[in-house]
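According to UniProt numbering, the residues represented by the sequence shown are 1 to 798, in order. So the structure is just underneath, and the comments pick up after that.
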Amino acid sequence: MSLIYLFIAIIAIICLVLLTLSHTKLARYAGWLALIAPVIASVYFLVQIPKVLQGHFTTIKIPWVAALDVNIDFRLDGLSLLFGLLISVIGVAVFFYATQYLSADEDNLPRFYAYLLLFMLSMLGVVTSNNTILMYVFWELTSVSSFLLISYWYSKNDSQYGAMLSFVITVLGGLAMLAGFMMIYSVTGTNTITEILAQKSELAHDPLFIPIIIMLLLGAFTKSPQFPFHVWLPKAMAAPTPVSAYLHSATMVKAGIYLLLRFTPVLGLSDFYIYVVTFAGLITMMFGAVNAIRQYDLKGILAYSTISQLGMIMSMVGLGGGFAQHTSDGLASAYAFILFTALFHLFNHAIYKCALFMGAGIVDHETGTRDIRNLSGLRKVLPITHIVMLLGALSMAGIPFLNGFLSKEMFFDGLVNATELPQFGTVLTVIIAAIGVIASIFTLIYGVHLVKETFWGDYDKADIPNNHVHEPKLFVLPSAILAVLIPIIFFIPNVFGDAVILPALRGMTIGSAVDQYAPHISQWHGVNLPLILSVIVIVVGFIAVLSIDWKRIADKFQRGSLTSGYASIYRLFEHNSGYAVRGLMNNRLNHYIIVTLLIFTALVVYGAIRSGMPHLHQIHIGEFGPLEVIITIVVFILGIALIFIRQRLTMVILNGIIGYAVIIFFIVMKAPDLVLTQLVVETITTMLFIVSFSRLPNVPRSNVNKRRETIKIIVSLIMALTVVFLIFVTQQSDSIGTISTFYHKADELAGGKNIVNAILGDFRGFDTMFETLVLIIAGLGIYTLLNFKDRRGQDERE
């Protein structure tokens, strides 16, 4: 099945899910219907593994805006396949889990699953796009769909705030990324990613290269939350737990990492990129690990652990970025090892983090609380969940015989051997290794602390709202299957490494023979420095978690956080922006018109200053006689009179007379089509005004305000002078070319003999379509308001 058919199938399932909104009984099965989409996607990507291993990539290119190289362009290579498998396979677990987590009686299931399917579709679009603009479209769709999912329980203040914060930060980062893509296009002349990577040398020597890196990093750091853009992720915990499990393990937070991995062959040519990404990742790793200990909420602990683990992966992406500079020399093996480790840990993280979030959701669902201060001894009533979360937490901490141990030890290996890389000397290597080890100790502390406080101890001391705690088998099934994979991957890591990790490494190092540099994953490397560091982390971590009262320490460090600082800034911005909007939008039509006209005049003056005043030596004034002079005087006098007249009906009639006077102008100028149009419009609008005013209450208008009327006259005169100036400018053929040449072959290009119809229907087809859409929306709004008024009247009568 072609990749495009997969997207069509998912869209069709979204439509089917939405159809269940119309029937209450069908709505109960929305989750099972939605589950078909990730199952189909999983089968598709699994089938593609042998093809990708043989180097056969799926490519689809459908022209869209070919002149700007904006096309529907998809490409499935090894890197896309790894992310596609994570998104779809983890998606199967999450969708199944959601059918047990949500209630058909309390939740709007079709709406939830439509959002979740859109989220999955958007992420698949991001990782398979081979066009930067298409990637940006899907990138922002992930922000929109995550906003809808986080705010799913929209009646809660936390959901509203979390959704707004995540949307603002990720969308601003997306706009920065778009600016970077536009700069790339200005240098390379293409939006096709594979062609951009082929021109990496030209990009690296262009003055825009560093600004491009900064813009792409802003997009990546906001999406895969790196310090200090991490604040939206903990607030996103207001979403239902299935969303949190999906978002943290396989979807949105991995998009930024995917972006950097995809563009590593270009970005890695700069040492600036290597330093920034490496240290930003390590700082984020440390920050997230320390702050996880301060949390009481199970999902809050896991949210900061995700921040920490993303920082760990990001640091490896930065360290390995130098592969772009050393694709075939002696250093290529060291860089390839680090990039392979980043991909392997990303794979491991998706599995154990999804299991952990599902376990936290089961605890919350069954006990009614996620506060570890109120939980204790749950292993007695939730034994399977206890094992799931224990395996997940220990794997995250890097304990032997679990998959996390392999990638954690490879991470240490990459850090301690950074001294071999030209960008890092002995001092920097010691610094980054120390940060990695200390952050890993905190990782073990908060991981074991989470399990210890929740599942160990005395169950009788638990203070939980729900006394009927039980463990439904179908509820724990997805997390149990993921937990089983954790030790399995440890014992057969190269089955997964050769099938999906190695092809992903090939996909992100296009044109390089990386097979000879790719490492063989081994459980035992002998007694070496990485193993010693792992032992230090395990020993120190367990001693600390078992001998220190971390709840008491967390109590002391509850005040003040970067997140609260962001919240203060957000509230200040919201207040001031609201004040500004209320000042501008004051429900006074005259105010809106004056502001609009003055801005238009300012733009015209600015354009004249920048382009220079044209020479008005070819001014052409048409012939005119007494009739034109009389009509002009009449229009002028009526226009002035309208300012001072207070009676609405008189104003409508005078306004109509002005319109009919303009019709006479068109007759004299021999423009019958304009005459007919103006005659119909003027007649209908005048009649509508009269009918409307006859239905409105007779509210007396205030007396003339001389100051206000003077401002109106001044603005009117300024606008008149501006229009006259533009008329003079357009007559200067030497300064501005005529647009009429564009329509010389309108009958051939548009198939219309009438130039007006051709312009409206073809040359400005989208403009006309959206104008029609605006009218439809306005009509629906008016209809809704009128119906609301009628219903309100009925309610009052009842």
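C-beta atoms are modelled at their ideal positions from N, C-alpha and C, and glycine is treated no differently. Note that the structure is a prediction, hence the values are computed from the model and not measured.
For the alpha helix (DSSP H) containing residue i, list its first residue and its last residue.
i, result
"V545", "L529 to S547"
"N590", "L589 to S611"
"K380", "Unbroken run through K380: none, as it is neither H nor E."
"F405", "N403 to V416"
"I184", "N157 to T188"
"I372", "Premise fails: I372 is in no alpha helix (DSSP H) and is neither H nor E."
"M651", "R648 to V668"
"W232", "W232 to K235"
"H248", "T241 to S249"
"S479", "K473 to F491"
"T264", "T264 to L267"
"E748", "A746 to A750"
"F7", "L3 to L19"
"T222", "F209 to K223"
"S201", "K200 to A204"
"L331", "From DSSP, L331 is part of no alpha helix (DSSP H); its letter is neither H nor E."
Can you look up residue i in the DSSP assignment and give me helix, strand or coil?
i, result
"N71", "strand"
"G781", "helix"
"D767", "helix"
"D463", "coil"
"D364", "helix"
"D107", "coil"
"D297", "strand"
"T192", "strand"
"M585", "coil"
"N757", "helix"
"L102", "coil"
"L444", "helix"
"F728", "helix"
"A27", "helix"
"E628", "helix"
"N705", "coil"
"R791", "Unreliable placement is indicated for R791, whose pLDDT of 43 sits below 50; the coordinate value is still reported in the next sentence. Correct three-state label for R791: helix."
"W456", "coil"
"Y517", "coil"
Could you give the first and the last residue of the continuous beta strand (DSSP E) run that contains residue i?
i, result
"V65", "T58 to V65"
Cα separation between residue i and residue j?
i, j, result
"G91", "L785", "41 Å"
"N587", "V715", "19 Å"
"L68", "Y136", "15 Å"
"G392", "A580", "49 Å"
"E798", "Y592", "Here E798 scores only 40 on pLDDT, less than 50, and its place in the model should not be relied on; the value that follows carries that caveat. Going by the C-alpha atoms only, they are around 40 Å apart."
"N348", "L598", "59 Å"
"D795", "T24", "Confidence in D795 is poor, its pLDDT being 43 and thus under 50, which makes the residue's placement unreliable; the coordinate value appears in the next sentence. Taking the straight line joining both Cα atoms gives about 26 Å."
"S129", "L3", "11 Å"
"G656", "T683", "8 Å"
"S42", "T369", "34 Å"
"A686", "S692", "According to the sequence provided, residue 686 is Thr. The question's Ala does not apply to it. Going from the Cα of T686 to the Cα of S692 covers about 10 Å."
"I150", "T142", "12 Å"
"V514", "L217", "25 Å"
"W64", "I72", "6 Å"
"F167", "R764", "33 Å"
"R610", "V595", "22 Å"
On the DSSP bridge assignment, give the partners of residue i in chain order.
i, result
"S129", "F74"
Using a Cβ-based criterion (distance less than 7 Å to any ligand heavy atom), does residue i qualify as near the ligand FMN?
i, result
"V724", "Summarising the ligand content, the structure contains no ligands, and the ligand FMN is consequently not present."
Checklist entry - Is it a yes or a no for the region 342-355 touching the region 499-510, going by three-plus beta-carbon pairs under 8 Å? => result yes
Checklist entry - Does the count of Cβ pairs from the region 263-281 and the region 313-333 closer than 8 Å reach three? => result yes
Next on the checklist: Three or more C-beta pairs under 8 Å: does that hold for the region 246-259 against the region 84-104?
Outcome noted: yes
Checklist entry - Counting Cβ pairs, one atom from each stretch, are 3 or more of them under 8 Å apart for the region 668-687 and the region 632-647? => result no
Checklist entry - Is the region 208-216 touching the region 176-183 in the sense that three or more CB pairs, one from each, lie closer than 8 Å? => result yes
Next on the checklist: When you compare the region 375-385 with the region 433-441, are there three or more beta-carbon pairs, one atom per stretch, that lie closer than 8 Å?
Outcome noted: no
Checklist entry - Does the region 363-371 come close enough to the region 514-523 to have 3 or more Cβ pairs within less than 8 Å? => result no
Item to check | Touching by the beta-carbon criterion (3+ pairs, under 8 Å), the region 299-311 and the region 539-547 | outcome: no
Checklist entry - Counting pairs of Cβ atoms below 8 Å between the region 11-21 and the region 110-119, do you hit three or more? => result yes
Next on the checklist: For the region 72-82 against the region 41-56, do three or more pairs of beta-carbon atoms, one drawn from each stretch, fall closer than 8 Å, so that the two count as touching?
Outcome noted: yes
Next on the checklist: Contact between the region 226-245 and the region 154-163 is defined here as three or more beta-carbon pairs at a separation below 8 Å; is this criterion met?
Outcome noted: yes
Item to check | Contact between the region 329-339 and the region 468-480 (3+ Cβ pairs under 8 Å) | outcome: no
Checklist entry - If we count Cβ pairs, one from each stretch, closer than 8 Å, do we get three or more for the region 250-269 versus the region 188-205? => result yes
Item to check | Cβ pair count under 8 Å reaching 3, the region 389-407 against the region 249-262 | outcome: no
Next on the checklist: Within 8 Å, do at least three Cβ pairs link the region 481-493 to the region 403-412?
Outcome noted: yes
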